[in-house]
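Colleague:
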Amino acid sequence: PPVSALGSFGAMGVLIAVFYTLMFVPAVLAVLPVSKKRIAADDRSGLVDRILENFGSFAVNKPWTVVIGSAFLALVSIGGISQLRFSHDVIGWLPDDSSVRLATEIVDENLKGASSVEIIIDSGEMNGVKSPEFMLKLNEFNQYSEKWSDENLFVGKSTSVADTLKQIHKALNENQESFYSIPEDPELIAQELILFENSGSDDLEKVVDSQFSQARITVKTSWADAGAYTEMIQQLEQKANEIFADAKAIIVTGLIPLMARTIKLVMVSMGMSYSLAAIIITLMMMLLLTSWKLGLWSMIPNFLPILMGLGLMGALDLPLDMMSMLVGSIALGLAVDDTVHFLHNFRRYFDKTGNVAEAVSNTLHTTGRAMFFATVALSIGFFVYTQSSLNNLYSFGLITGITIILALLADILLAPAMMALIYRNKETKS
C-alpha cells in the first residue's frame, strides 16, 4: 500500500503541476508587472553557459569517445550490480545507538529471540490434537527446531501445546522430573487438559483451537534481515510436512514469513512494473520524436544513469530495499523529462540550421539552462535525506540525487554525441 499510494499521489501531483504551469503561471505573468531589464539572447558569458558549451562541444567533436566511454561505464556498472544484495531489515535501518535496536539485541540475547515463526497444524478431526501420536509429533518438531541454526540465525525456543501438556503432567505428579513427558493414555491427556482449562487459565487458547483440531507451534528466533529467513522457513516447513504427513493442512505464518514473502513479491512486482514502464515510455518517445529508431536510441541516455546508480549501490554495498527500489522509478521519470526537452529542441534547431554542432549549442544554451538548474534543485532536495539517521533514507537520498546528476550528464554529453553520429550525414528538412 505505501508504494501504491506513492505511485498514485505522485502521478496526481505531476499532473497538477503541469496544469498550474500551463494555466496559473501564464495568468500570473499576465497580471504582474514584468521587469523591463533585458538580456541579450546570444549572451553566453555566464558560468553555466560556458560549462554547457564545453560539454556540448566535446560531445559533438568527439562522439565516439563519449559513446565508448559510456559503454565502458555501463559494463563497470553491470559489475557493480552483480554485487547488489536485497535486504529488508527494519532494525538495521536504525542507528547503532537506537534504543529500539539495543532493546532488540537484548531480547535476542536474553529471551531466546525477538521474532517468531508460527506454524499451524490442522489434524483434520475434532480432538485430533489430544491423541498421544499427535502430541509426540509436536514434541519431535519442537526438538528439531531448537537444534536449528546457521551463521546468521539461531532458534532459541520452540513451543506448542505438547510443552503445556508435559508441564501439566509433571505438576500433577508432585513435580517429578521423570513425569515431564507425553502421557501414553489418550483419556489421561484429555482429562489433564480439561482439568487445566477448568482451573481458569486461558493459556490453551493461544496454542490450540476450541475444538482441539488445530495446534499452533511458535518458533522463536533471532532478528535478522528478511532474506536470511528463507532457508530456515523452507527447512522448518519441509520438516513439518515430513513429521505431519497425514495432517489436513500445514500453514507457516507469523511476522517473519510475512516479511520474507512480502520482500520477494515486492521485488518481482517492481521488476514487472519497471519493465512495463520502460516499454510504455519507449513507445511514447517514438511517437514524440516521430521516429522509431530515434525513439529507441533516446532511451539509452535514460537507462544509463539508472544502470550507473544501481552499480554505485553495489560498489558501496548499499542494500536494495523497499525504499531504494523507488530510485529507479523516480530517476527514470526525471531522466526522460530531460531527454524529451533536449531532443525536442534539438530537432527544432536542427531543422532551422541544418548543423548538428549549432543545434546542440543552441539547445544547451536554452533548454540546457533549465535542465541544469532543475537538476541542481532536485538533487539538493534528495540529498537532504542523507542527513537522516535512518540508513535506508540515507541510501535512498544519496543514490537518487547522484542518479539525477548522472541523468543530466547523459543528456548534455551522451545525447549530443549520439545526435552527432545519427545526423552527421543527414540534411535538414525545410
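In the numbering used here, the protein residues as written are 1 to 430.
From the three backbone atoms N, C-alpha and C, an ideal C-beta is built for every residue, glycine too.
Within the continuous beta strand (DSSP E) that includes GLY156, where are the two ends?
Modeller: For the purposes of this step, residue 156 is taken as the residue at position 156 of the sequence shown. That run of the beta strand (DSSP E) goes 155-159.
Colleague: Would the stretch 220-237 count as touching the stretch 138-152 if we require 3 or more Cβ pairs under 8 Å?
Modeller: At 8 Å Cβ cutoff, the stretches touch.
Colleague: Spatial neighbours of ALA415 within its chain, please: C-beta separation below 6 Å, excluding the five flanking residues on both sides.
Modeller: Start at 1 with the first residue of the sequence shown, and residue 415 comes out as number 415. Cβ neighbours of ALA415 beyond the five flanking positions: PRO301, PHE342.
Colleague: Give a yes or no on contact between the stretch 201-218 and the stretch 103-110, applying the rule of three or more CB pairs nearer than 8 Å.
Modeller: No, because fewer than three Cβ pairs between the stretch 201-218 and the stretch 103-110 fall closer than 8 Å, the two stretches do not touch.
Colleague: Taking its Cβ as the centre, do 16 or more other Cβ atoms sit within 10 Å of ARG216, making it buried, or is it exposed?
Modeller: Along the sequence shown, read from residue 1 onward, the residue named residue 216 stands at position 216. Per the 10 Å Cβ criterion, buried.
Colleague: Consult DSSP for LYS220 and reduce its assignment to one of helix, strand or coil.
Modeller: Counting from 1 along the sequence shown, the entry for residue 220 is found at position 220. DSSP, read as helix, strand or coil, puts LYS220 in strand.
Colleague: Can you say whether ASP317 is buried or exposed, counting buried as having 16 or more other CB atoms within 10 angstroms of its CB?
Modeller: Indexing the sequence shown from 1 puts residue 317 at position 317. Answer is exposed; the Cβ neighbour count stays below 16.
Colleague: So who's on the other strand from LEU320, going by DSSP bridges?
Modeller: Numbered from its first residue, the sequence shown carries residue 320 at position 320. According to DSSP, which records beta bridges pairwise, LEU320 is partnered with PHE86.
Colleague: State buried or exposed for VAL18, treating a residue as buried only when at least 16 other CB atoms are found within 10 Å of its CB.
Modeller: On the sequence shown, position 18 is the one that residue 18 refers to. Counting of Cβ neighbours within 10 angstroms places VAL18 among the exposed residues, the total staying below 16.
Colleague: My output table needs one value for ALA245: the three-state DSSP class, helix, strand or coil.
Modeller: Position 245 of the sequence shown, counted from the start, is the residue given in the question as residue 245. If DSSP states are grouped into helix, strand and coil, ALA245 belongs with coil.
Colleague: With a cut-off of 8 Å, do at least 3 Cβ pairs link the stretch 173-193 to the stretch 275-290?
Modeller: When Cβ pairs closer than 8 Å are counted between the two stretches, the stretch 173-193 is seen not to touch the stretch 275-290, the count staying below three.
Colleague: Determine the direct distance from the alpha carbon of MET284 to that of SER430, and round the result to whole angstroms.
Modeller: Here the question's residue 430 lines up with position 430 in the sequence shown. Here the question's residue 284 lines up with position 284 in the sequence shown. Low confidence applies here, because SER430 scores a pLDDT of 40, under 50, leaving its location unreliable; read the following figure in that light. In a straight line, the C-alpha of SER430 is about 25 Å away from that of MET284.
Colleague: Counting beta carbon pairs with one atom in the stretch 304-321 and one in the stretch 353-360, are three or more of them shorter than 8 Å?
Modeller: no
Colleague: Could you compute how far the alpha carbon of TRP297 sits from the alpha carbon of ARG424?
Modeller: Translated into positions along the sequence shown, residue 297 becomes position 297. Translated into positions along the sequence shown, residue 424 becomes position 424. Taking the straight line from one Cα to the other gives about 15 Å.
Colleague: Note down the Cα distance separating PHE383 from ASP338, rounded to an integer number of angstroms.
Modeller: Start at 1 with the first residue of the sequence shown, and residue 383 comes out as number 383. Start at 1 with the first residue of the sequence shown, and residue 338 comes out as number 338. In a straight line, the C-alpha of PHE383 is about 19 Å away from that of ASP338.
Colleague: Return the CA-CA distance between VAL252 and GLU118, expressed in angstroms with no decimal places.
Modeller: In the sequence shown, counting from the first residue as 1, residue 252 sits at position 252. In the sequence shown, counting from the first residue as 1, residue 118 sits at position 118. Cα to Cα, VAL252 sits roughly 6 Å from GLU118.
Colleague: Give me the Cβ distance between THR282 and MET270, rounded to the nearest whole Å; I'm assuming they're in contact under 8 Å.
Modeller: Taking the first residue of the sequence shown as 1, we reach residue 282 at position 282. Taking the first residue of the sequence shown as 1, we reach residue 270 at position 270. That pair is no contact at about 18 Å.
Colleague: Determine whether the beta carbon atoms of SER87 and LEU258 lie at a separation below 8 Å.
Modeller: Here residue 87 refers to the residue found at position 87 when the sequence shown is read from its first residue. Here residue 258 refers to the residue found at position 258 when the sequence shown is read from its first residue. Their beta carbons are not under 8 Å apart, which means SER87 does not touch LEU258 by this criterion.
Colleague: Give me the Cα-Cα distance between THR428 and ASP351, rounded to the nearest whole angstrom.
Modeller: Position 428 of the sequence shown, counting from 1, holds the residue named residue 428. Position 351 of the sequence shown, counting from 1, holds the residue named residue 351. Unreliable positioning characterises THR428 in this predicted model, as indicated by a pLDDT of 46, which lies under 50. The coordinate reading is nonetheless provided below. The straight-line gap from Cα to Cα measures roughly 5 Å.
Colleague: Keeping to the same chain, check which residues put their C-beta closer than 8 Å to that of LEU52; ignore five residues upstream and five downstream.
Modeller: Residue numbering aside, residue 52 sits at position 52 when the sequence shown is read from its first letter. Around LEU52: LEU364, HIS365, GLY368, ARG369, PHE372, ILE412.
Colleague: With a CB to CB cut of under 7 Å and the five nearest residues on each side skipped, what residues in its chain are close to ILE330?
Modeller: Residue numbering aside, residue 330 sits at position 330 when the sequence shown is read from its first letter. For ILE330, where only same-chain residues beyond five positions count, the Cβ hits under 7 Å are THR400.
Colleague: In chain order, what are the residue ranges of uninterrupted alpha helix (DSSP H) at least 4 long that sit wholly in the stretch 251-310?
Modeller: 255-289, 292-298
Colleague: Given TRP292, which residues of its chain have a CB within under 6 Å of its CB, disregarding the five upstream and five downstream residues?
Modeller: Residue 292 sits at position 292 when you count from the first residue of the sequence shown. MET286.
Colleague: Excluding the 5 residues preceding and the 5 following LEU136 in the sequence, name in chain order all residues of the same chain whose CB lies nearer than 6 Å to its CB.
Modeller: Numbered from its first residue, the sequence shown carries residue 136 at position 136. ILE182.
Colleague: In three-state DSSP terms, what is ALA71?
Modeller: Locating residue 71 in the sequence shown gives position 71, counting from the first residue. Here ALA71 sits in helix by DSSP.
Colleague: Return the chain-ordered ranges of every alpha helix (DSSP H) run that is complete within the stretch 338-393 and spans a minimum of 4 residues.
Modeller: 356-383
Colleague: Which term fits LEU138, buried or exposed, when burial requires 16 or more other beta carbons within 10 angstroms of its beta carbon?
Modeller: Position 138 of the sequence shown, counting from 1, holds the residue named residue 138. The residue is buried, with at least 16 neighbouring Cβ atoms inside 10 Å.
Colleague: Buried or exposed: where does PRO63 fall if 16 or more other Cβ atoms within 10 Å of its Cβ makes it buried?
Modeller: Mapped onto the sequence shown, residue 63 falls at position 63. With 16 or more Cβ atoms within 10 Å of its Cβ, PRO63 is classed as buried.
Colleague: Taking only three categories from DSSP, how would you classify ALA215?
Modeller: Residue mapping note: residue 215 aligns to position 215 of the sequence shown, counting from 1. Residue state, collapsed to three classes: strand.
Colleague: In the DSSP output, what is SER329 paired with across the bridge?
Modeller: For this step, residue 329 is matched to residue 329 along the sequence shown. SER329 pairs with nothing; no bridge assigned.
Colleague: Compare the C-alpha of ALA114 against each of LEU195, LEU255, GLU237, VAL60 and name the closest.
Modeller: As a working note, residue 114 is residue 114 in the sequence shown. The option with the nearest alpha carbon to ALA114 is LEU255.
Colleague: At which residues does the beta strand (DSSP E) containing GLU118 begin and terminate?
Modeller: Taking the sequence shown and counting its residues from 1, one reaches residue 118 at position 118. Per DSSP, GLU118 belongs to the beta strand (DSSP E) from 115-122.
Colleague: Looking at SER123 and SER213, is the spacing between their C-beta atoms short of 8 Å?
Modeller: Here residue 213 is taken as the residue at index 213 of the sequence shown, counted from 1. Here residue 123 is taken as the residue at index 123 of the sequence shown, counted from 1. Yes, the pair counts as a contact, with Cβ atoms nearer than the cut-off.
Colleague: Under 6 Å Cβ to Cβ from VAL67, same chain only, skipping five residues before and after it: list those, please.
Modeller: Within the sequence shown, numbered from 1, the residue matching residue 67 stands at position 67. So the list reads ALA417, once near-sequence residues are dropped.
Colleague: What are the partner residues of VAL208, as DSSP defines its beta bridges?
Modeller: Position 208 of the sequence shown, counted from the start, is the residue given in the question as residue 208. Paired residues: ALA215.
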